[in-house]
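Residue numbers (this note's numbering): 669 to 898.
Given below as structure tokens:
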């Protein structure tokens, strides 16, 4: 089977693994981008994208003039901080969460009418995998499974234009799924998993109102974790 994982995502996963193994210890500065790209055998653009992903997830932090350092992830989650929101020059994080409320609420309504048992199984498997990834602190896999869940809900929309709109803004939406991770306590992730399962139950019973409400609750709570009110 062909591996279609974006290069930058594979690089981010590789660096995350090196951090977890202690090859890049907490508090230590990472090698320069030139050296790191050579060590990993990747291009500088792919590495830069990977580093931005890891910084959003709170695994590393870049200090101007000092370099990029591994963050101590054993400490308790801090207060929400939007300073590393990568689209800040184009629009606020709140803008994206508001779009998610409008768009994904409607997508959930449509999915409640279209989802079949296979879809319920796919969503349940993604939620289980998301929970397992969090338990082993694989933050990249956690977000990937979260995105898989939301993308599959969107795929069940019978309105082709609505689905197309979701795909057009998906890159922005995934950032709002990564952004809260550094500020997510254990109990909040447990709540997020429970919210996914509430969405699944609503889809399984074909309750469009309940599906929309459950999706809105989930997005609103995720936004709050990122320091945004919607």
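We put the beta carbon where it would ideally sit given N, CA and C, even for glycine.
Discussion item. I'd like to check one pair, residue 884 with residue 769: are the Cβ atoms closer than 8 Å?
Written reply: Yes, Cβ-Cβ distance for residue 769 and residue 884 is below 8 Å.
Discussion item. Whole angstroms are fine: how far does the CA of residue 755 sit from the CA of residue 876?
Written reply: 32 Å
Worksheet item: Is residue 671 helix, strand or coil when you go by DSSP?
Response: Because residue 671 carries a pLDDT of 42, less than 50, the predicted location of this residue cannot be relied on, and the following value inherits that uncertainty. Coil.
Discussion item. Cutting at 7 Å between CB atoms, please list the residues of its own chain near residue 862, excluding the five before and the five after it.
Written reply: Excluding the 5 residues flanking it on each side, residue 862 has no same chain C-beta neighbour closer than 7 Å.
Worksheet entry | residue 730 - partner residues in DSSP beta bridges | 736
Worksheet item: Looking at residue 792 and residue 867, is the spacing between their C-beta atoms short of 8 Å?
Response: no
Item to complete: Counting only the same chain and skipping the five closest in sequence on each side, list residues whose C-beta sits under 7 Å from that of residue 679.
Response: 708, 710, 714, 715 and 718
Worksheet entry | Nearest-angstrom Cα separation, counted from residue 810 out to residue 880 | 23 Å
Fill in: Runs of alpha helix (DSSP H) lying entirely within the stretch 762 to 838, each at least 4 residues, in chain order
List check, alpha helix (DSSP H) in window: 785 to 803 and 807 to 823.
Worksheet item: Is residue 846 helix, strand or coil when you go by DSSP?
Response: helix
Practice prompt. Please work out which residues of its chain come closer than 7 Å, Cβ to Cβ, to residue 687, disregarding the five sequence neighbours upstream and downstream, and give them in chain order.
Written response: 727 and 738
Fill in: Own chain residues within Cβ distance below 6 Å of residue 773, not counting five before or after
880, 883 and 884
Worksheet item: If we ignore side chains and look at the alpha-carbon of each, how far apart do residue 852 and residue 893 end up?
Response: Between the alpha carbons of residue 852 and residue 893 lies a distance of about 7 Å.
Worksheet entry | Environment of residue 805 [buried if 16+ CB atoms lie within 10 Å] | exposed
Worksheet item: Candidates 847, 833, 800 and 693: which alpha carbon is nearest residue 813's?
Response: 800
Worksheet item: Is the number of C-beta pairs between the stretch 685 to 701 and the stretch 778 to 787 that are closer than 8 Å three or more?
Response: no
Practice prompt. Could you spell out where the alpha helix (DSSP H) holding residue 880 opens and where it closes?
Written response: 876 to 893
Fill in: Rounded separation between residue 723 and residue 763 - CA only
21 Å
Worksheet item: So, residue 871 versus residue 790, is the Cβ gap smaller than 8 Å?
Response: no
Discussion item. Give me, in chain order, the residues of the same chain whose beta-carbon lies closer than 8 Å to that of residue 831; leave out the 5 immediate sequence neighbours on both sides.
Written reply: 775, 822, 823 and 825
Worksheet item: Straight-line CA distance for residue 735 to residue 712?
Response: 16 Å
Worksheet item: Leaving out the 5 sequence neighbours to the left and right, which residues in its chain are closer than 6 Å to residue 675 when beta-carbon positions are compared?
Response: 714
Discussion item. Using only the alpha-carbon positions, how far apart do residue 766 and residue 839 sit?
Written reply: Between residue 766 and residue 839, the C-alpha separation is close to 15 Å.
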